[in-house]
Every structure is written in structure tokens, then in C-alpha cells.
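Report on the structure given below.
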Amino acid sequence: MLTVDRSFGFLDPRTKLLLLVTLPTFLLGGAGGEYLKPFCMGFSVLPFVLLFISRNYLPAVSGFLVFMLMQFAGMIIPRDAGGLVHNVFLILYEVLCLLLPCGIMATFIMRTTTVGEFIAAMEKLKVPQFITIPFSVMFRFFPTIMEEYRSIGRAMKMRGITPGKVGIAGFIEYRIVPVMMSVVIIANELSAAALTKGLGGKIKRTCIHRLGFGFADFLLIALCVTALLFFVLSLFDVRLW
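So this note's numbering is basically just the index in the sequence shown, starting at one, shifted up by 1.
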């Protein structure tokens, strides 16, 4: 189970949102291509570094080893080899080397940012409430669903419900149907809780969270801005290497 210490809060939520936008732009979107490959490698490694700093040593090290293994395999296996095995490898390569860092960054942000900090950051950015409210509900939604999913798994294990006894189809039914029922209930409860706390009201809310940029924020913001600047310049055929 991936856990992140909530005391790891030296990054401002606005910096985390910038990272969440920048990483998919370069990793999944392929912005800059081979020209900005060094930036892509840096953005790929960054989520593992943040996990390691937050004292999640096992997922950080194991994930980084898998990432480097796939990178090494991608260098020695030709892209135009063809065949079923090669196509499966390309799918795994795309998932583990491009999608995995973005997923880890998103998980890291959700685990290290409270709802109050997120709302305060969105208000600082002057984001409309019709965008802030759904995202603030999402911050509580996915962790709650994962906890409900684990609770259902423990209940099935305690009652001896295994694929060998009820079959694969029955096992999936016992696991998925309660989760789907919980999704509807949890979504309604979180939406009601958000409105109860004053989200969506006409009166401006007060906030006790003090946001501010530190050295790490300026460093990561400079990295993202530099990468985006190089990408924009490359669109006009201005390249430094």
C-alpha cells in the first residue's frame, strides 16, 4: 500500500498542480520529442525522488528500479522488430515509463495535500468554484473508495470467499458490486459535505491555511517554466542543441 507522510508539505499546492500539468504534457503528450528528452527523463524520475524524500523508501526504490529496467530494455530492443511479444513489450514500456510517473505524481499530490490547502490554492489562482468543488470532492473520493475496496477485500477473506469456491465470475461479482454501490453513496455524501462546509456559497470563505513558495517551489517552477519555454521555442525552430 502506498502511503505518504502528510507532514511532507514543503511544496506549495500550486507547485504540485503545475507539476501535474507539466508531466503529462512532456511524458504522455511527447512535447518536444527527442529534442527535450533530457527534460522528459528528469520529469520521469522526479516522482520517485519525491516519494523517497517523503520516507516512502520501498515504493520509491522498487518503482525506480522497474522504471530503469524498462528504460534499459527499451534501448536494447529495436522498436521495429514486430511480433506479438514485441507489441506487448511496447505496451508495457508506454505504461511503466510514461504513464506510471504521472500516476505516481498524482497519487503523491492527493496524499500530501489536504482539501483545505487545495481549496486555498485554487482561490489564490482565482479558479471558479464550478471547477474547485468537483476537484475538492475528488481529493476525498478516491482515497475513500480505495479504503472501501480494501475493507471489502478483508471481509471476503474473513468469510472465506475465494475464486476456488465461488469461481472467477462470482469472485468478481462479490468484489465489484459492493464497490459500485459504495461509489454512489460516497459520491453523494462527499458532495453534500462539500456544500455543508460552505463551498458554492456567495459569501467568500475564510481559510486558516497559510500558503507560500519556498526554495523547492521556486526550483521546480523554474524547471517547469524552462522546459515549457524550450518547447515553445522549438515550435519556431529555435533550438540550442
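Each residue gets a CB set at the ideal place from its N, CA and C atoms; glycine is no exception.
Query raised in the report: Which residues in the same chain as Ile-153 place their Cβ atom closer than 7 Å to its Cβ, once the five residues preceding and following it in sequence are excluded?
Result: Counting from 1 along the sequence shown, the entry for residue 153 is found at position 152. If we look at Ile-153 and ignore the five residues flanking it on each side, its Cβ neighbours are Arg-176, Pro-179, Val-180.
Query raised in the report: Would DSSP call Val-233 helix, strand or coil?
Result: Translated into positions along the sequence shown, residue 233 becomes position 232. In the structure shown, Val-233 sits in a helix (DSSP, three-state: H, G or I).
**Report entry** 4-residue-minimum alpha helix (DSSP H) runs that sit fully inside the region 116-176, ordered along the chain
**Finding:** 116-125, 130-159
Query raised in the report: With 16 other CB atoms within 10 Å as the buried threshold, where does Ser-63 fall?
Result: Position 62 of the sequence shown, counting from 1, holds the residue named residue 63. Answer is exposed; the Cβ neighbour count stays below 16.
**Report entry** Three-state class that DSSP yields for Gly-33 in the structure shown
**Finding:** Position 32 of the sequence shown holds residue 33. Residue state, collapsed to three classes: coil.
Report task. Specify the secondary structure class of Thr-114 as computed by DSSP and reduced to three states. Result -> Locating residue 114 in the sequence shown gives position 113, where the first residue counts as 1. Three-state result, Thr-114: coil.
Query raised in the report: Quick one: what does DSSP say Asp-238 is sitting in, helix, strand or coil?
Result: The residue labelled residue 238 in the question sits at position 237 within the sequence shown. If DSSP states are grouped into helix, strand and coil, Asp-238 belongs with coil.
Query raised in the report: Is the number of C-beta pairs between the region 140-153 and the region 50-57 that are closer than 8 Å three or more?
Result: no
Report task. Tell me whether Met-106 is buried or exposed, calling it buried when 16 or more other Cβ atoms sit within 10 Å of its Cβ. Result -> Looking up residue 106 in the sequence shown gives position 105. Counting Cβ neighbours within 10 Å, Met-106 comes out buried, since at least 16 surround it.
Query raised in the report: Taking the alpha-carbon positions, what's the Gly-104 to Val-67 distance?
Result: Counting from 1 along the sequence shown, the entry for residue 104 is found at position 103. Counting from 1 along the sequence shown, the entry for residue 67 is found at position 66. So the two alpha carbons sit approximately 15 Å from each other.
**Report entry** Same chain, Cβ closer than 6 Å to Ser-183, five either side skipped, listed in chain order
**Finding:** Residue numbering aside, residue 183 sits at position 182 when the sequence shown is read from its first letter. Glu-149, listed in sequence order.
Query raised in the report: Does DSSP put Met-57 in a helix, a strand or coil?
Result: By one-based count along the sequence shown, residue 57 stands at place 56. Per the sequence shown, residue 57 should be read as Asn rather than Met. The answer is coil: DSSP assigns Asn-57 none of H, G, I, E or B.
Requested in this report: Tell me, please, whether the region 125-136 touches the region 29-41 by the rule of three or more beta-carbon pairs shorter than 8 Å.
Outcome: no
Report task. Determine the direct distance from the alpha carbon of Leu-12 to that of Ala-223, and round the result to whole angstroms. Result -> In the sequence shown, residue 223 corresponds to position 222, counting from 1. In the sequence shown, residue 12 corresponds to position 11, counting from 1. Computed Cα separation, rounded: 14 Å.
**Report entry** First through last residue of the alpha helix (DSSP H) which encompasses Ile-78
**Finding:** Your numbering for residue 78 matches position 77 in the sequence shown. Looking at the DSSP string, Ile-78 is not in any alpha helix (DSSP H), and its letter there is neither H nor E.
Requested in this report: Closer than 7 Å by C-beta to Leu-99: which residues in its own chain qualify, once you throw out the five before and the five after it? Chain order, please.
Outcome: The residue labelled residue 99 in the question sits at position 98 within the sequence shown. Leu-28, Leu-29.
Query raised in the report: Out of curiosity, what's the CA-to-CA distance linking Asn-189 and Tyr-58?
Result: The sequence position of residue 189 within the sequence shown is 188, counting from 1. The sequence position of residue 58 within the sequence shown is 57, counting from 1. Rounded to the nearest angstrom, the two C-alpha atoms are 36 Å apart.
Query raised in the report: Contact check, Val-116 vs Phe-142 under 8 Å by CB: the rounded distance?
Result: For the purposes of this step, residue 116 is taken as residue 115 along the sequence shown, with counting starting at 1. For the purposes of this step, residue 142 is taken as residue 141 along the sequence shown, with counting starting at 1. Contact doesn't hold; Cβ gap of about 11 Å is too wide.
Query raised in the report: Using CA coordinates, which residue listed in Leu-196, Pro-60, Gly-171, Val-86 is at the minimum distance from Pro-102?
Result: Residue mapping note: residue 102 aligns to position 101 of the sequence shown, counting from 1. Among Leu-196, Pro-60, Gly-171, Val-86, the Cα nearest to that of Pro-102 belongs to Pro-60.
Requested in this report: Could you spell out the range, first to last residue, of the alpha helix (DSSP H) harbouring Phe-90?
Outcome: Working through the sequence shown from its first residue, we reach residue 90 at position 89. Phe-90 -> alpha helix (DSSP H) spans 85-95.
Query raised in the report: Taking buried to mean at least 16 other C-beta atoms within 10 Å of its own C-beta, is Ile-120 buried or exposed?
Result: Within the sequence shown, the letter at position 119 stands for residue 120. Buried is the call here.
Requested in this report: Flag Met-139 as yes if its beta-carbon sits less than 8 Å from any beta-carbon of chain B, otherwise no.
Outcome: Included in the structure is just one protein chain, with no chain B present.
Query raised in the report: Between which two residues does the alpha helix (DSSP H) carrying Phe-27 extend?
Result: Indexing the sequence shown from 1 puts residue 27 at position 26. Its alpha helix (DSSP H) spans residues 14-28.
Report task. Tell me whether Lys-158 is buried or exposed, calling it buried when 16 or more other Cβ atoms sit within 10 Å of its Cβ. Result -> Your numbering for residue 158 matches position 157 in the sequence shown. Flag for Lys-158 reads exposed.
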